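Heads up: the sequence shown begins at 63 in the working numbering, then just goes up one per residue. Backbone N, C-alpha and C fix where the C-beta goes; we use that ideal spot for every residue, glycine too. As the structure is a computational prediction, the values presented were derived from the model and not from experiment.
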Amino acid sequence: MFSDYSCCELCPRVCRADRHVRTGFCKAGDTIRLARAGLHLWEEPCLSGKNGSGAVFFSGCTLKCVFCQNHAPSHEGFGKDVSVSRLAEIFLSLQAQGAHNINLVTASHYLPSVIRALDLAKPSLHIPVVYNCGGYERIEAIRALSGYIDIYLPDLKYFDSRLSLRYSAAADYFQVASKAIREMIAQTDGLLWDESRPELLKKGVLIRHMVLPGAKEDSMKLLSWIAETLPRGKFLLSLLSQYTPFSYCNSYPEINRTVTSYEYQKVVDKALEFGLADGYMQKRSSAKEAYTPPFDLSGI
């Protein structure tokens, strides 16, 4: 199932495309395509640290989020094709530059190649590997990554299937993501911090949720599920206020604005009410396009 691309079932779409011949739903073929690789300072503090996270941005995506900040690589397929051996070299180059971790950004549709690259790099790779994803992952894929991934960084975007269908073309988003996140937590089984640099996370799960305009009630439902379902002390929660409406949000007028301070604060208050205080909250000033890295093939 996860050894090649001949009948692709890597993501919950299960499109079964022969990606040696044509692209799948993700718009990816059988060759790794990258848009950027470099030190990234805008992740959560436990990942970015002082030097930055070694972020590798993969092209294509299994979701179709209309508000995606990485639109050029994820929707338009911008990037450069690289070999498995080159990907392994990029991992080691980022480590040599002082990266605190290797941050695989939206890599699930290249899982067989990523695993091979990690196998090549593993003898010389001594920093944690982060799996940065939209949360829309098959449990089988997460299990295949056991032993390769130290830190899972999933989004948990929606509770309501109507929202996930409208904005990400995935009516089953919560059903899929909630199961995947539970598997991630079971696999990592808690949080492990770096002894020499205690501000840095070495192992665990960090769940991101970005508050959307007009959807604070949906955010609160997600928080309720998290509080009732997930084991305390075995994950961190990052509540994001950075939603930024780009030009391609014009067709969705209800989300073609930033999140208000009132909306975000209501969600934060609910998280605290549920006792979900382990993690991060953002300043409203985070809603800027400047936090989106330039996709210019740097580091590729």
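Check: residue 275 C-beta below 8 angstroms from any heavy atom of the ligand ADP
In the structure on display, the ligand ADP does not appear, and there are no ligands present to speak of.
Among 355, 362, 341, which residue has its Cα nearest to the Cα of residue 109?
As a working note, residue 109 is residue 47 in the sequence shown. Closest by alpha carbon: 341.
What is the DSSP secondary structure of residue 120, reduced to helix, strand or coil?
For the purposes of this step, residue 120 is taken as the residue at position 58 of the sequence shown. DSSP places residue 120 in strand when its eight states are reduced to three.
For residue 204, which of 225, 230, 250, 83 has the nearest alpha-carbon?
Here residue 204 is taken as the residue at index 142 of the sequence shown, counted from 1. Per the C-alpha coordinates, the member of 225, 230, 250, 83 positioned closest to residue 204 is 250.
Validate contact between the segment 227-243 and the segment 183-200 using beta carbons, cut 8 angstroms, 3 pairs
Segments in contact, yes.
Status (buried if at least 16 other CB within 10 Å, exposed otherwise) for residue 270
Your numbering for residue 270 matches position 208 in the sequence shown. With 16 or more Cβ atoms within 10 Å of its Cβ, residue 270 is classed as buried.
Would you say the segment 258-266 touches the segment 311-327, given that touching needs at least three Cβ pairs under 8 angstroms?
The segment 258-266 is not in contact with the segment 311-327.
On a Cα-Cα basis, can you pick out the residue from 126, 137, 242 that is closest to residue 95?
Start at 1 with the first residue of the sequence shown, and residue 95 comes out as number 33. That would be 137, whose Cα lies nearest to the Cα of residue 95.
Enclosing alpha helix (DSSP H) for residue 331 [first to last residue]:
Along the sequence shown, one-based indexing puts residue 331 at 269. In the DSSP assignment, residue 331 falls within the alpha helix (DSSP H) that extends over 323-335.
Classify residue 270 as helix, strand or coil using the three-state DSSP reduction.
Locating residue 270 in the sequence shown gives position 208, counting from the first residue. DSSP places residue 270 in strand when its eight states are reduced to three.
Report the residue ranges of all beta strand (DSSP E) runs contained in full by the segment 161-207; include only those spanning at least 3 residues, in chain order.
164-167, 191-195, all fully within the segment 161-207.
Residue 142 - containing beta strand (DSSP E), residue span
Residue numbering aside, residue 142 sits at position 80 when the sequence shown is read from its first letter. 142-144 is the span of the beta strand (DSSP E), which, as asked, contains residue 142.
Return the CA-CA distance between residue 183 and residue 152, expressed in angstroms with no decimal places.
For the purposes of this step, residue 183 is identified with residue 121 of the sequence shown, where counting begins at 1. For the purposes of this step, residue 152 is identified with residue 90 of the sequence shown, where counting begins at 1. Distance between the alpha carbons of residue 183 and residue 152: 9 angstroms.
Run of the beta strand (DSSP E) containing residue 216, from where it starts to where it stops
One-based indexing of the sequence shown puts residue 216 at position 154. For residue 216, the enclosing beta strand (DSSP E) begins and ends at 213-216.
From the DSSP output, in three-state form, read off residue 102 for me.
The residue labelled residue 102 in the question sits at position 40 within the sequence shown. DSSP places residue 102 in strand when its eight states are reduced to three.
Can you find the residues in the same chain that come closer than 7 angstroms, C-beta to C-beta, to residue 210, ignoring five residues on each side of it along the sequence?
On the sequence shown, position 148 is the one that residue 210 refers to. If you ignore the 5 residues before and after residue 210, its C-beta comes within less than 7 angstroms of the C-beta of 177, 180, 191, all in its own chain and listed in chain order.
For chain D, check one thing: does any of its Cβ atoms lie closer than 9 angstroms to the Cβ of residue 273?
Included in the structure is just one protein chain, with no chain D present.
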